[in-house]
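In full-length UniProt numbering, the protein residues as written are 1 to 449.
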C-alpha cells in the first residue's frame with residue numbers, strides 16, 4: 001500500500017501543458033491515480049548502479065518545474081520595435097505553461113506595469129529589482145507566492161563617463177526571490193553582468209570577474225535554508241570563461257544546457273545568433289555560429305534529486321517573423337524529486353581546480369588593479385594641476401598678473417571637478433579590487449585547510 005508523503009504540496013494539480021503532459025503533485029495517489037512514477041533500481045543513484053546497497057535511494061513521485069529566461073532588450077528610445085516585441089513576449093508567456101519567468105532589461109516602469117497587468121492571470125506574483133539610476137532591469141514572474149526577496153548591487157559596474165556603454169547607470173545586480181514550488185523551497189536568483197563589448201581588449205574583464213565573485217558569494221551565503229537553487233540571467237560570458245567557472249566552482253551550480261537529456265534549438269545552445277536582425281554581426285565575427293551567454297543553472301540539497309529533462313532556445317513566436325529580442329529565449333524543464341535516503345554525494349569541483357580558478361582570477365583582478373592605480377594617478381595629477389590654475393585665477397583679483405595667459409575660470413573649474421570625480425571613482429575601483437583579491441586569498445586558504 002502506498003505511503004503518504006510528508007512533503008505533499010497540496011491538492012492534485014492537473015494543468016495540461018502545451019506539450020501535452022499532465023503535471024501531478026507528489027500526493028497524486030490520494031486521488032486514486034494509478035500512475036505513480038518510480039525510477040527503476042538502475043537509476044536510483046550512482047552507488048546503486050554499482051551495486052552499493054548503502055547508497056540506494058528510494059524515490060518519491062516527481063514534479064516538473066518549467067523556467068523561462070530572456071534578456072528582453074527593452075531600453076526606451078534605443079531598442080528597435082520595443083513595444084511590438086514586448087507584446088510578443090507577453091503572448092509567448094501567456095501561451096506557454098511556465099512556472100517562473102525571469103526577465104532582464106525591463107528598464108521602463110511603464111513596460112513593467114504593462115507586463116504585470118497582462119500576465120496577472122498566468123503569473124499572479126511578480127517582483128522587480130530596482131537599483132542604479134535607471135534600474136537593474138531585472139524582474140521575476142511566478143505562479144507561486146513570493147515569500148521573501150533580497151538584492152545585492154555589484155560594487156563595480158563600469159564607469160559613468162562611458163555613456164555609450166551605459167552599464168554604470170543600470171546598477172547591475174543579483175536578485176533573489178524565495179518561493180515554495182510544489183512543496184519544494186526554492187531560492188531563485190536572477191542577474192545580469194557587465195557586457196563584454198570587445199573580447200580582444202576587454203577593458204571590463206576585472207569588473208565582470210568581481211561581479212562573478214560577488215554573485216557566487218551571494219548565492220553561497222543566502223541559499224543555506226533552500227532545497228532547490230536556481231540561477232538564470234545574462235552572464236555576458238562564454239561557457240568556458242573564467243567568471244562562469246568561478247560561479248560554478250563556488251556554488252556547485254550545474255548548467256542546464258550541459259546537463260539536459262534533450263535539447264531543442266541552435267547548435268551549442270547559442271543565444272546570440274548572426275541570423276537575428278537585432279544582433280550586430282561585427283560582435284560575432286570571431287564566432288560565426290553565435291555565442292552562448294544566457295544561462296539557467298540549478299542545484300539541490302541532499303535528499304532532493306533535480307535533473308534537467310529539456311532545454312530549448314529560440315527567438316520567435318509561432319506565426320511571427322519578428323524576433324522577440326536580440327537574445328534567444330532559454331527554457332528549462334527540471335524534474336524535482338525527493339529521495340528517502342541520501343548516502344551519496346554528487347561529484348563537485350576538486351580543490352586543485354578551485355585553487356587554479358582562484359589563482360587565475362587573482363591574476364586578472366591584479367591587472368585591473370594596476371589599471372585602476374594608473375588612472376587614479378593620472379586623475380590626481382590633473383586634479384592638482386587644475387586646482388593650481390584655480391588658485392592662480394583667484395590670485396589675479398588680489399595681485400593682477402600681466403601677460404600670463406590662463407584658461408577661463410569656468411573651464412578650469414569644470415576640468416577640476418571632472419578630474420576630482422575621476423580620482424574618487426578610480427580610487428574606489430582600486431579599493432574594491434584590492435578587497436576582492438584579499439577575499440579570494442582568504443577563502444582559498446580556508447578551503448585548503
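Note that CB positions come from ideal geometry on N, CA and C, so glycine has one too.
So residue i and residue j are supposed to be a Cβ contact under 8 Å. How far apart are they, rounded?
i, j, result
"residue 331", "residue 90", "Actually they are not in contact, since the Cβ atoms of residue 331 and residue 90 sit about 16 Å apart, beyond 8 Å."
"residue 205", "residue 364", "6 Å"
"residue 295", "residue 232", "7 Å"
"residue 356", "residue 299", "Contact doesn't hold; Cβ gap of about 21 Å is too wide."
"residue 81", "residue 322", "7 Å"
"residue 228", "residue 336", "6 Å"
"residue 172", "residue 211", "7 Å"
"residue 178", "residue 219", "Their Cβ separation, rounded to whole angstroms, is 13 Å, which puts residue 178 and residue 219 out of contact at 8 Å."
"residue 86", "residue 320", "Contact doesn't hold; Cβ gap of about 13 Å is too wide."
"residue 230", "residue 188", "5 Å"
"residue 256", "residue 186", "So it is not a contact: roughly 15 Å between Cβ atoms."
Which partner residues does residue i have in the DSSP bridge list?
i, result
"residue 263", "311"
"residue 102", "69, 140"
"residue 146", "179"
"residue 329", "314"
"residue 297", "231, 255"
"residue 337", "62, 305"
"residue 323", "316"
"residue 238", "DSSP, once it has assigned bridges, lists no residue as partnering residue 238."
"residue 291", "272"
"residue 151", "175"
May I ask whether a heavy atom of the ligand ATP can be found less than 8 Å away from the beta carbon of residue i?
i, result
"residue 202", "Because no ligand of any kind appears in the structure shown, any question about the ligand ATP cannot be addressed here."
What residue does the beta strand (DSSP E) around residue i start on, and which one ends it?
i, result
"residue 175", "173-181"
"residue 191", "184-192"
"residue 169", "Unbroken run through residue 169 is the alpha helix (DSSP H), 167-170; no beta strand (DSSP E)."
"residue 129", "125-129"
Start and end of the alpha helix (DSSP H) containing residue i?
i, result
"residue 113", "109-118"
"residue 217", "205-222"
Restricting to runs no shorter than 4 residues, where is the alpha helix (DSSP H) found entirely within the region 52-96?
Here the runs fully enclosed are 82-95.
Which whole runs of the beta strand (DSSP E) in the region 351-438 are 3 residues long or more, in chain order?
Whole beta strand (DSSP E) segments, 3+ residues: zero.
Check whether the region 80-100 touches the region 260-276, taking contact to mean three or more Cβ pairs, one atom from each stretch, closer than 8 Å.
Counting Cβ pairs under 8 Å, fewer than three are found: no touch.
Three or more beta-carbon pairs under 8 Å between the region 156-170 and the region 121-130, yes or no?
No, the region 156-170 is not in contact with the region 121-130.
Is it true that the region 106-118 meets the region 149-168, where meeting means three or more beta-carbon pairs spaced less than 8 Å apart?
These segments do not touch.
Inspect the CB distances between the region 233-247 and the region 274-286 and report whether three or more fall short of 8 Å.
The answer is no - the region 274-286 does not touch the region 233-247, with fewer than three Cβ pairs under 8 Å.
Would you be able to state if there are at least three C-beta pairs under 8 Å between the region 362-380 and the region 422-429?
Counting C-beta pairs closer than 8 Å gives three or more between the region 422-429 and the region 362-380, which meets the contact rule.
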